[in-house]
Each structure stands twice: as structure tokens, then as C-alpha cells.
Amino acid sequence: MFGPIEFILAGVLVGFCVGITGVGGGSLMTPILISLFKIEPHIAIGTDLLYASISKFCGSLVHAKKLNIVWPIVIWLALGSIPASFATTWVLEHHLSQSTHYKSVLTMVLGVMLTLTGISIIFRAQIEKFFDRFRNREQADMESEQHALQHKRRYILIMGVVLGVLVTLSSVGAGAFGIMALVLMFPNLPMIRIIGSDVVHAVLLTAVAGLGHMSSGNVDFSLLMWLLVGSIPAIVVGTLISSRLPERFIRKILGITLFALGLNFIVNPVKAKPKPVETAQVVMNQHTTHSTTIV
């Protein structure tokens, strides 16, 4: 049986990795909770969504202070992602929660997202080099930014819907996939403004998705508290010493680990306990009780 110490240590590990590499906590915390601590997938995902929202909030304040946020992008993403998150939560609660496929659906979606996240981390340098071909920083002025925003609102909205569904189902994707999509849509926008906008949107989306899971009873608050106790100081320490550690090497290890975990969840999704066996056991117990009464 695991207790507070183990959960705090898990928070320290994830927080330290986030501080060094910038990799989102969701892609690390959820598989640890499911694979290592054997926590039910829906509880792990719901708890991790609120954990991600709280842990990212401080970072969003820093970006806001440094004016790294493009608010129209955040607003249009949220207009797509938040309704999509509400809709996904409603479907999960009213149609999938009582299904025997509930856990397997959640873990398979989580597996796909982890696999893609792992690939994006492993090949990040190549991906950024590819995107740099489309960047022209000399033309990245406010006028071109406004022009791009006006003509790409529909695509931002659609991307928000996709993120809303995937993040609510898996707690993974708000960071890595949000950034990749924004880079594709706004190649002239400075990377720091893309990251700042994505972080603020991730805070909003994970908060809404986490509250949705909370309303369904999918959040373990004591677990959440211990994870935050461990991770918040570790994020600060990891950020402070990140320049002294082999960040690229650590990223590669994380990418390979997430890729392997994702494949494992796809091939071996967590399944619900077979109800017929439980029913048979209840019937057997009733029969035994009945026999004892007759005797």
C-alpha cells in the first residue's frame, strides 16, 4: 500500500523533470499513477488535470508579466476547447462511465497521446529545424500577427476543440501538441509568445477538464495535495539548475520512456473487472447463507 511519502517522491520526480526539460507534468504524472501506483485510470487522469492546472499557473503569471501572451489566440483556443471539454466530460459520465470499456478507452487514448508526445520529444530538434524554414522573423511584426489572427480564427477554434477532447480524455497534449499546432499556424510568431499563449490556455483547459472530472468523483484530493507538496519545490529547483544539466540527454530518455509507456497502454489497456464473476460470487455467497440457514 502506497502512502504520502511515495506520492511526494513521485511529485518530486515529475517536478524536477518539468523544471529541467519543460515537458508537461501530465505526460509524466498520469502514467506513473496508473503503472506504478495502480490508481484507476479515471482517478489518475482527473487528479492529474487539476495538478497540471495548479502547477502551470505560476508559469502563466511569469509569461503574463513579461507580455509573452497573445490573448486572441488564447481566447479562440478556449472558445473551442472549453465547450469540447464539457461535452467530453458529459459523454464520459453519462455514456461511458458504466461501460466495461470505460477504462480501456481512457488508457488507449492515453497511450496514443503518450506515444505521439514521446516522438515529439525525441525528434524535437528536427521538428524545430523543419518549422524554422517557414519562419521569417524580420516580418514578424504586429501587423502581420493581426493579419494572421484574422484569417486563422477558424483553425485555432478547431484546434481548440481537438485539444479539449484529447486533454479531457487523457490529461496529455495541452503542451506539446498545442505548441506544435501554433507553430504551424503562426510560423512568424516568436517562440516565447507561442509558449506563453499555450501555457495560459493549458491552465484554463486543464482547470475546466479537472473540475469536470471532479464533478464525476474522479479526483483524489489527498493524492493531489501530496503530489503538489513534492512537485512545486522540485520545479523551482529543476528550473534553477537546468543550465548545469544535460537537458538534451534527459529529454531523449524521457521521450523514449513516454513512447514505451504509450505503446504499453495501447497494447495492454487497463480493463474493468469482469462483472459476471462478481455476480457469480454474490450468488454463491447467498446460496451458502441460505444453506446455513436451512441447517
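Just so we're aligned, residue 150 is where the sequence shown starts under this note's numbering, counting upward by one.
Cβ coordinates follow ideal geometry from the N, Cα and C atoms, glycine included.
Tell me whether residue i sits in a helix, a strand or coil according to DSSP, three-state version.
{"i": "residue 159", "result": "helix"}
{"i": "residue 370", "result": "helix"}
{"i": "residue 219", "result": "coil"}
{"i": "residue 262", "result": "helix"}
{"i": "residue 250", "result": "coil"}
{"i": "residue 448", "result": "Residue numbering for the chain in the displayed model covers 150 to 444; residue 448 lies beyond these limits and cannot be assessed."}
{"i": "residue 400", "result": "helix"}
{"i": "residue 419", "result": "coil"}
{"i": "residue 394", "result": "coil"}
{"i": "residue 187", "result": "coil"}
{"i": "residue 429", "result": "With a pLDDT of only 43 at residue 429, under 50, the local geometry of the prediction cannot be trusted, and no value is derived from it."}
{"i": "residue 272", "result": "coil"}
{"i": "residue 152", "result": "coil"}
{"i": "residue 237", "result": "helix"}
By the DSSP assignment, the alpha helix (DSSP H) with residue i in it spans what residues?
{"i": "residue 358", "result": "340-364"}
{"i": "residue 214", "result": "190-214"}
{"i": "residue 180", "result": "174-184"}
Rounded C-beta distance between residue i and residue j? I'm assuming under 8 Å.
{"i": "residue 164", "j": "residue 344", "result": "Actually they do not touch by this definition, with Cβ atoms about 19 Å apart."}
{"i": "residue 373", "j": "residue 196", "result": "5 Å"}
{"i": "residue 266", "j": "residue 354", "result": "Not quite, the Cβ-Cβ distance comes to about 16 Å (not below 8 Å), so this is no contact."}
{"i": "residue 379", "j": "residue 160", "result": "3 Å"}
{"i": "residue 200", "j": "residue 312", "result": "Incorrect: roughly 18 Å between the Cβ atoms, too far for contact."}
{"i": "residue 371", "j": "residue 242", "result": "Wrong, their Cβ atoms sit about 23 Å apart, outside the cutoff."}
{"i": "residue 232", "j": "residue 298", "result": "Wrong, their Cβ atoms sit about 20 Å apart, outside the cutoff."}
{"i": "residue 234", "j": "residue 357", "result": "5 Å"}
{"i": "residue 169", "j": "residue 387", "result": "5 Å"}
{"i": "residue 301", "j": "residue 334", "result": "5 Å"}
{"i": "residue 271", "j": "residue 401", "result": "6 Å"}
How about residue i: is its C-beta nearer than 8 Å to some C-beta of chain D?
{"i": "residue 209", "result": "Here chain D cannot be found, since the structure has a single protein chain."}
Query raised in the report: Where are the alpha helix (DSSP H) runs, 4 residues long or more, that stay fully inside the region 292-340, in chain order?
Result: 302-319 and 325-334
Requested in this report: Spell out a yes or no on whether the region 198-214 and the region 343-352 are touching, meaning 3 or more CB-CB pairs, one atom from each, closer than 8 Å.
Outcome: yes
Query raised in the report: How about the region 360-378 and the region 209-223: do they share at least three Cβ pairs that are nearer than 8 Å?
Result: no
Query raised in the report: Okay, do the region 179-194 and the region 297-314 touch, 3+ Cβ pairs below 8 Å being the bar?
Result: no
Query raised in the report: How do the region 309-323 and the region 247-266 stand: do at least 3 beta-carbon pairs fall below 8 Å, yes or no?
Result: yes
Report task. Determine contact between the region 242-253 and the region 324-339, defined as no fewer than three beta-carbon pairs at a distance below 8 Å. Result -> no
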